[in-house]
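Numbering (the numbering used here), first residue to last: 775 to 1006.
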């Protein structure tokens, strides 16, 4: 595990992280002042399960080579593997992870957790279709960037997703019908985009405990209102 989050570190993300730490499972650089592009060397981290680069000043596009993060491509194995790390003289067998809008604690089931958080940076461009090959991901957060284009249909292939946050970007077009494949999804935030059309019917979207689509744009807002008028 490499966690240097919540500091005042800056400059480019070091390439040596990907070159010298091939067995890294957790990488958190969250809440610093890292800038520049995400180095492609990070794509060499085939064992990475948790990648948190949120709340920095990172720019450029999401690397297509993220498809090489093989631990996020395959379904996690149901094993008792844990990560031990040394804190204040004791081995701690747990990890705190913000997921689905709350803090979850993962101990002996850490091997089952895969998450990517690139939120609140300066990322631009479309979501690369290669990102959807990470079918083992359970949480994906791209909120608070300047990403644009349509939400790719391929996101529906990420069937293990439980939490998906694309809010505060510049996405346009409809919500993909393929979202009906996301049977485990329990937290969805698409707010503050330019989405149009209707919320797909007969999907997981209409049975969520927490669906955040407000301010997506008029047509989506109307669809939410219409559904509520019949059911609320």
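Built from N, CA and C at the ideal position, the CB exists for glycine as well.
To the nearest angstrom, report how far apart residue i and residue j are at their CA atoms.
{"i": "residue 804", "j": "residue 949", "result": "29 Å"}
{"i": "residue 956", "j": "residue 907", "result": "14 Å"}
{"i": "residue 843", "j": "residue 789", "result": "16 Å"}
{"i": "residue 823", "j": "residue 786", "result": "22 Å"}
{"i": "residue 893", "j": "residue 848", "result": "23 Å"}
{"i": "residue 838", "j": "residue 972", "result": "30 Å"}
{"i": "residue 958", "j": "residue 913", "result": "11 Å"}
{"i": "residue 945", "j": "residue 916", "result": "11 Å"}
{"i": "residue 832", "j": "residue 782", "result": "14 Å"}
{"i": "residue 933", "j": "residue 794", "result": "32 Å"}
{"i": "residue 820", "j": "residue 841", "result": "10 Å"}
{"i": "residue 968", "j": "residue 947", "result": "7 Å"}
{"i": "residue 814", "j": "residue 798", "result": "15 Å"}
Is the beta carbon of residue i less than 8 Å from the beta carbon of residue j?
{"i": "residue 941", "j": "residue 965", "result": "yes"}
{"i": "residue 905", "j": "residue 921", "result": "no"}
{"i": "residue 784", "j": "residue 808", "result": "yes"}
{"i": "residue 900", "j": "residue 923", "result": "yes"}
By the DSSP assignment, the alpha helix (DSSP H) with residue i in it spans what residues?
{"i": "residue 794", "result": "790–794"}
{"i": "residue 846", "result": "844–847"}
Assuming residue i contacts residue j under a Cβ cut-off of 8 Å, what Cβ separation, rounded to an integer in Å, is found between them?
{"i": "residue 926", "j": "residue 953", "result": "Going by Cβ atoms, the distance from residue 926 to residue 953 rounds to 11 Å, so no, they are not a contact pair."}
{"i": "residue 846", "j": "residue 911", "result": "5 Å"}
{"i": "residue 800", "j": "residue 902", "result": "Not really, about 23 Å apart at Cβ, beyond 8 Å."}
Does DSSP put residue i in a helix, a strand or coil?
{"i": "residue 946", "result": "strand"}
{"i": "residue 781", "result": "coil"}
{"i": "residue 931", "result": "helix"}
{"i": "residue 806", "result": "coil"}
{"i": "residue 816", "result": "helix"}
{"i": "residue 968", "result": "strand"}
Span of the beta strand (DSSP E) holding residue i?
{"i": "residue 834", "result": "831–834"}
{"i": "residue 749", "result": "No answer is possible for residue 749: the residues shown for the chain start at 775 and end at 1006."}
{"i": "residue 787", "result": "Per DSSP, residue 787 belongs to no beta strand (DSSP E) and is neither H nor E."}
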